[in-house]
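Colleague: In the working numbering, the protein residues as written are 142 to 490.
For every residue, glycine included, the Cβ atom is placed at its ideal position computed from N, Cα and C.
Take a look at this one; I'll ask things after.
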Amino acid sequence: MNARSLPTAVVAGHICLDIIPTFDRPVAIEPGKLCKIGPAVLSTGGAVSNTGLALQRLGIPTRLIGKVGDDIFGRAIREIAGADGMIVARGETSSYTVVISPPGVDRAFLHCPGANDTFRAADVTDAALRGAKLFHFGYPPLMRRFYLEGGRELESLFRRVKRLGLTTSLDMVMVDPNSEAGRVNWAALLRRVLPQVDLFLPSLDEIEWMIGRETKPGALAERLLDWGAGLVGLKLGDRGLYVRTARRELLAPCFEVKVAGTTGAGDCAIAGFLAAWLRGLSLEETLTTAVAVGACCCEVPDATSGVPTWTALRRRLARGWRRRVTRLSWPGWQWDAAQQLWIGPNNKP
């Protein structure tokens, strides 16, 4: 984005340096055992980088707002993600993550939150939001000021952004249940914050950890809608993306790809969702776009280099890209072969 241009979207929140060892085969990581691996891929990670850079690749002018230290990792983050919008905190440590993602195995993370813990609502200025239509914030469970005091700082930020007229979007992340963030009453925090959130886009695992399990995603989504969210999108991993509003209920299965890694797939799916939403596509097309971008992300080891341009993505979809077979046993759900989507019993367009 040109420094003088106004953004269509602003993505703020967690950012880090991802250090991703490459694997040419599945490995068993055991104490005392040396595993030979390939070169490390260095890339930026976190919601700001993953969702923000993916939005840019999809043609959406996007401003990134994150906080880094004045160290070598911070310089690497600014070089990769762009210095514009990055807050440099003198004397603080930049956040980094070691991503363990062998082929055929879901990824694991070793994470240092660093300067993300001192990020605050005031770091997102009204001037930075000027001209934007959408504000997306990611990973408050990894940002200390946003989960302390029952989420007061997070609510304050979203209330201000919504008052300025932007569509608001929120994503979550899993944390160690034995950590400080893991002991937060997340159900109470969400009840406080969700009335200010138009698009709530966590994963099913994250939301089950936060508010408890249900037999079907629809029951969880209904509770989140009751708490104030305008739209709930639950990322279901390799089962696709479930979306619920007051009158719509859909599930989009994933597309078939050769998986090289799953790092950033959920964040990139969100970018696809937001890019389609900002372009005014139907909810059906928006879901399809989201799972398509998530699939493209999985074709490379890092988070965003697999994300295509908007034109290339539309061209690939038009060629009849095959979906993964997803079978549902939930009562009342029907398969729409024309749109390649599952239609839920609460869908009343």
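If we ignore side chains and look at the alpha-carbon of each, how far apart do T404 and G413 end up?
Modeller: Distance between the alpha carbons of T404 and G413 is about 16 Å.
Colleague: Taking DSSP as the reference, what is the three-state secondary structure of I221?
Modeller: In this structure, I221 counts as helix in the three-state DSSP scheme.
Colleague: Does W368 come out as helix, strand or coil in the three-state DSSP assignment?
Modeller: Of the three classes helix, strand and coil, the one that applies to W368 here is coil, per DSSP.
Colleague: Can you find the residues in the same chain that come closer than 7 Å, C-beta to C-beta, to V229, ignoring five residues on each side of it along the sequence?
Modeller: V209, D211, G215, listed in sequence order.
Colleague: What does S310 pair with, by DSSP beta-bridge criteria?
Modeller: DSSP, once it has assigned bridges, lists H277, L340 as partnering S310.
Colleague: Take F250 as the anchor and find which of G179, L196, I160 has the nearest alpha-carbon.
Modeller: Nearest C-alpha to F250: I160.
Colleague: Among the residues of its own chain, which have a CB less than 6 Å from the CB of S190, if the five just before and after it don't count?
Modeller: Closer than 6 Å at the Cβ level, and outside the excluded window around S190, lie I156, A222.
Colleague: Determine the DSSP secondary structure at F287, reduced to helix, strand or coil.
Modeller: Here F287 sits in helix by DSSP.
Colleague: Cα-Cα, which of C253, A169, L196, P486 is closest to T386?
Modeller: Out of C253, A169, L196, P486, P486 has the C-alpha closest to the C-alpha of T386.
Colleague: When DSSP labels each residue in this structure, what does S297 get in the three-state scheme?
Modeller: Helix, per DSSP.
Colleague: What are the residues that DSSP puts in a beta bridge with F121?
Modeller: As shown, the chain starts at 142 and ends at 490. That puts residue 121 outside it, with no answer to give.
Colleague: If you draw a straight line from the C-alpha of Q481 to the C-alpha of R463, how long is it?
Modeller: Those two C-alpha atoms are separated by around 10 Å.
Colleague: Please work out which residues of its chain come closer than 7 Å, Cβ to Cβ, to V265, disregarding the five sequence neighbours upstream and downstream, and give them in chain order.
Modeller: Within the same chain, V265 has close Cβ partners A153, I206, L298.
Colleague: Any idea if W471 is buried or exposed, counting beta-carbon neighbours within 10 angstroms, 16 or more meaning buried?
Modeller: Result: exposed.
Colleague: Cα separation between A273 and E171?
Modeller: Cα-Cα distance, rounded: 48 Å.
Colleague: Contact defined as beta carbons within less than 8 Å: I believe A150 pairs with T203. What is the distance between those atoms, to the nearest angstrom?
Modeller: With a Cβ gap of about 5 Å, A150 and T203 count as contacting.
Colleague: Once the 5 residues before and after E426 are set aside, which same chain residues still bring their CB inside 7 Å of it?
Modeller: So the qualifying residues of the chain are A417.
Colleague: Counting only the same chain and skipping the five closest in sequence on each side, list residues whose C-beta sits under 6 Å from that of P336.
Modeller: For P336, where only same-chain residues beyond five positions count, the Cβ hits under 6 Å are G369.
Colleague: Measuring alpha carbon to alpha carbon, tell me which of D258, F164, C253, G187 ends up nearest G179.
Modeller: It is F164 whose Cα lies nearest to the Cα of G179.
Colleague: With distances taken between CB atoms, is the gap from V381 to T467 smaller than 8 Å?
Modeller: Reading the sequence as shown, one finds Gly at residue 381 and not Val. Yes, they are a contact pair.
Colleague: Assign L158 to one of three DSSP states: helix, strand, or coil.
Modeller: L158: strand per DSSP, three-state reduction.
Colleague: If you draw a straight line from the alpha carbon of F287 to that of A478, how long is it in whole angstroms?
Modeller: The alpha-carbon atoms of F287 and A478 are separated by roughly 43 Å.
Colleague: Apply the 10 Å Cβ neighbour rule to R219 and answer buried if 16 or more other Cβ atoms are within range, or exposed otherwise.
Modeller: Buried: at least 16 other Cβ atoms inside 10 Å.
Colleague: Quick check on DSSP: helix, strand or coil for K303?
Modeller: K303 falls in the helix class under three-state DSSP.
Colleague: Spatial neighbours of R333 within its chain, please: CB distance less than 7 Å, with the 5 preceding and 5 following residues excluded, ordered by chain position.
Modeller: G291, G292, E296, listed in sequence order.
Colleague: How far does the alpha helix (DSSP H) with V434 in it reach, from first residue to last?
Modeller: Segment 424–438, the alpha helix (DSSP H) holding V434.
Colleague: Applying the criterion that 16 or more other CB atoms from any shown protein chain within 10 Å of the CB defines a buried residue, is N326 buried or exposed?
Modeller: Classification of N326: exposed, given that the 10 Å Cβ count is below 16.
Colleague: Return the chain-ordered list of same chain residues with a C-beta closer than 7 Å to the C-beta of C176, the five sequence neighbours on each side being excluded.
Modeller: Closer than 7 Å at Cβ, skipping near neighbours: V168, I170.
Colleague: Since D477 sits in a beta bridge, which residues does DSSP pair it with?
Modeller: For D477, which the question treats as bridged, DSSP gives the partners L482.
Colleague: On the DSSP bridge list, what partners appear for L382?
Modeller: Beta-bridge pairing links L382 to K376, A393.
Colleague: If I measure Cβ to Cβ from F276 and keep anything under 6 Å in the same chain, skipping five residues before and after, which residues do I get?
Modeller: Result list for F276: V151, V302, L307, T309, in chain order.
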